[in-house]
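Right, one structure below, let's go through it.
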Amino acid sequence: MPPKLRSSKGVAPSPSTGEGGESHTSKKNPAPATAPTAGSVTRSRARDTTERARASGGGTALDPKKRKRTEESAASSAAAAGPVPKKMTTAGSTTLASRPLPLRYPPYPTLPTGTRPTSRQYLDPVLDRKYLDSVLEWAKERRRIAKLSKKDIPTLRDSPMDPITADAVVTSQDKAMVLRVARSVVSVSSTMPGNGGGLISRCTGIVIGWDGANKRAKILTAASVVCDFNGELHNPALKLSVSMPNKTTTEGRLLFYNVHYGIALLEVMGDYKLEVPSFGSGTNYGQVIFALGRGENMSLMVSHGTISWTDYPVLLRNHNMFLSCDIPEGGSGGPVVDHGGNMIGIAFVENPGPVFISIKTIMTCMEMWDQFSRVARPLLGMQLKSVELLDVSIQEELCRDYNITSGFIVSQVLVDSTAEKLGIRRGDVIDFQDIDCSTLSQLEDHLLSLGWGYLKGMHLTVDLKVEVHNLFDSYRESITFPVQFTDASKQVEIKDEAVDHTRRLNRCNL
């Protein structure tokens, strides 16, 4: 009696197989050379268990509880067998060894041996024509290979994407600082409602708040992305899109905007973590800054400059400071940071030059909105200039002839304003007796802080002691100036031709 045959895995053949392992039922289909693996046997048994359970029901559906137990048993059997191995294919492999060789440029055509002409000889016309054709074909093939080999990856770019950014950020320390801040810089765009709505405006934004529990972020940007110069929304149903640093785009929701300060606050939601930059404590004239923005393709753009020692009368916006460098294209609303990477404000495009609003003013507006859903700003009715920023020769003349060393020059007075009714005129110098400030941004921050009482219903105006220097008649007078407040997000009605003219210039510039 011949011994029993065993498979390669040590499993005895089934009774249906004869000598040599062939099946008695069909000799045309030989059995596999190797026995099935343990995993496949276990999974096969699990399927057989399920099929027998279904068959035992006489063609009817199993009881839900029995079905659940059966499926769980089958699932546990399959899990015990381990995962099904994935098939490895060579197509699309990313291993280094499987990468194709790079395309090679063909060698330059050479003349046949013995036909190279001397300086005073020429080739045979027929041979010369063939040689020129081969050169033209060689050049054509080089162009074809160059086009196929061209890939837009950063390591193959011979020149920077933005030369201004390359010149602005040079040292390793500055690059590391800018890259750290860039994690909070986004791109904000507004489009008309509906599918295929046209682009209205595109600005830069900065993350100023992150709620990790609810996956919500607050984005600060320029008001021009949502409204026009008068504060009217571009469209009540406009669509806001925010592109994150990782190039994902999500929909933004408008929380509030204030056209006087030029800021807008949006909210976005998403399953990603955004970083909030560190905030600086204050700003100084002459301070070195970096202005960051996002380009049309989300590329990072940076300008490098200083806060200028200048004042310009711009639509009664005494809080504006000016920058010595241009803002990157599309960078309006982007952050302005110091050398340490601390955010000290945001930049805007204005006429006659790029302007900047300090982080202190911005944070006061944010806190007011968080508590009262509105912002109370002061109404002086005057455009001022700081004596501290005047030309040194004019400062000497004011000190020598009028004994004036500080204060603010009145460059514009609104018609029918409180200042005009009190007798303040263009060219006067005013000195706020109860306020310790020498720059317009400091004055604006102090007056804005007085708006808390207005929001709380404590008062409608605040009386300030002001000394007015009348240079025309050479005398001084102390008066009480009642500062008014408004919580309107839109532009307050202006009744002054000079201011209206400046506004029209700004609108044309935008």
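Under the numbering used here, think of the first position of the sequence shown as 45, with each following residue one higher.
Cβ atoms here follow ideal geometry from the backbone N, Cα and C, with glycine treated the same way.
DSSP state of residue i mapped onto helix, strand, coil
{"i": "TRP353", "result": "coil"}
{"i": "SER121", "result": "Summary for SER121: the model assigns pLDDT 49, below 50, so the residue's position carries little reliability; its value from the coordinates is reported in the next sentence. Residue state, collapsed to three classes: helix."}
{"i": "HIS513", "result": "strand"}
{"i": "LYS534", "result": "coil"}
{"i": "HIS490", "result": "helix"}
{"i": "THR78", "result": "With a pLDDT of 45 at THR78, under the threshold of 50, the modelled position of this residue cannot be trusted; read the value that follows with caution. Of the three classes helix, strand and coil, the one that applies to THR78 here is coil, per DSSP."}
{"i": "PRO129", "result": "Only weak support exists for where PRO129 lies, its pLDDT of 47 falling under 50; the value from the coordinates is given anyway. Correct three-state label for PRO129: coil."}
{"i": "MET412", "result": "helix"}
{"i": "THR505", "result": "strand"}
{"i": "VAL459", "result": "coil"}
{"i": "LEU424", "result": "coil"}
{"i": "THR139", "result": "coil"}
{"i": "CYS481", "result": "coil"}
{"i": "VAL303", "result": "coil"}
{"i": "PRO207", "result": "helix"}
{"i": "HIS363", "result": "coil"}
{"i": "GLN217", "result": "helix"}
{"i": "GLN439", "result": "helix"}
{"i": "LEU180", "result": "helix"}
{"i": "LYS317", "result": "coil"}
{"i": "ILE197", "result": "coil"}
{"i": "SER322", "result": "coil"}
{"i": "LYS291", "result": "coil"}
{"i": "SER268", "result": "helix"}
{"i": "LEU600", "result": "This structure gives no information on residue 600, because the portion of the chain shown stretches from 45 to 554."}
{"i": "LEU155", "result": "coil"}
{"i": "VAL419", "result": "coil"}
{"i": "ILE283", "result": "Note on residue identity: the sequence assigns Lys, not Ile, to residue 283. Strand, per DSSP."}
{"i": "GLY102", "result": "Here GLY102 scores only 44 on pLDDT, less than 50, and its place in the model is too uncertain to base an answer on."}
{"i": "LEU466", "result": "coil"}
Assumed close pair residue i, residue j - CB separation to whole angstroms, cut-off 8 Å
{"i": "GLY242", "j": "LYS283", "result": "Their Cβ separation, rounded to whole angstroms, is 11 Å, which puts GLY242 and LYS283 out of contact at 8 Å."}
{"i": "GLY377", "j": "VAL269", "result": "7 Å"}
{"i": "ASN279", "j": "MET236", "result": "6 Å"}
{"i": "SER228", "j": "PRO321", "result": "5 Å"}
{"i": "LEU515", "j": "GLY467", "result": "At roughly 14 Å, the Cβ-Cβ gap does not stay under 8 Å, so LEU515 and GLY467 are not in contact."}
{"i": "ASP370", "j": "LEU484", "result": "Contact flag wrong, Cβ pair sits at about 22 Å."}
{"i": "LEU277", "j": "MET412", "result": "Actually they do not touch by this definition, with Cβ atoms about 21 Å apart."}
{"i": "HIS304", "j": "ARG361", "result": "7 Å"}
{"i": "ALA267", "j": "ASN302", "result": "7 Å"}
{"i": "SER482", "j": "PHE300", "result": "In fact, because the Cβ distance is near 31 Å, the residues do not count as touching under 8 Å."}
C-beta contact flag for residue i and residue j at 8 Å
{"i": "GLU295", "j": "ARG260", "result": "no"}
{"i": "MET288", "j": "VAL225", "result": "no"}
{"i": "VAL381", "j": "LEU336", "result": "yes"}
{"i": "MET345", "j": "ASP206", "result": "yes"}
{"i": "LEU367", "j": "PHE323", "result": "no"}
{"i": "GLN486", "j": "VAL510", "result": "no"}
{"i": "VAL222", "j": "VAL214", "result": "no"}
{"i": "LEU318", "j": "VAL251", "result": "yes"}
{"i": "PRO150", "j": "GLU185", "result": "yes"}
{"i": "SER285", "j": "THR292", "result": "no"}
{"i": "HIS363", "j": "GLU488", "result": "yes"}
{"i": "GLY253", "j": "THR327", "result": "no"}
{"i": "PRO153", "j": "SER193", "result": "no"}
{"i": "GLN528", "j": "THR462", "result": "yes"}
{"i": "THR265", "j": "ALA308", "result": "yes"}
{"i": "VAL473", "j": "MET426", "result": "no"}
{"i": "PHE392", "j": "GLY306", "result": "yes"}
Residue(s) in a DSSP beta bridge with residue i
{"i": "LYS262", "result": "GLY253, GLU311"}
{"i": "LEU298", "result": "LEU310"}
{"i": "GLY337", "result": "MET345"}
{"i": "GLY389", "result": "VAL380, SER402"}
{"i": "CYS369", "result": "Paired residues: none, contrary to the question."}
{"i": "ASP475", "result": "GLU511"}
{"i": "TYR519", "result": "ASN514"}
{"i": "LEU243", "result": "THR235"}
{"i": "ILE453", "result": "LYS429, VAL473"}
{"i": "THR524", "result": "LYS509"}
{"i": "THR248", "result": "SER231"}
{"i": "LEU277", "result": "CYS271"}
{"i": "VAL332", "result": "THR350"}
Quiz item: Touching or not, the region 444-463 and the region 423-432, by the rule of three or more beta carbon pairs under 8 Å?
Solution: yes
Self-check item: Segment contact, 8 Å Cβ cut-off, at least three pairs: the region 490-505 with the region 383-392
Solution: no
Quiz item: Three or more C-beta pairs closer than 8 Å, one from the region 403-419 and one from the region 506-525: is that the case here?
Solution: no
Exercise. Count the C-beta pairs between the region 325-333 and the region 341-356 that are closer than 8 Å, then say yes if the count reaches three, no if not.
Key: yes
Quiz item: Does the region 247-263 come within contact of the region 311-325, defined as at least 3 CB pairs closer than 8 Å?
Solution: yes
Quiz item: Do the region 486-495 and the region 409-428 meet, that is, are 3 or more Cβ pairs less than 8 Å apart?
Solution: yes
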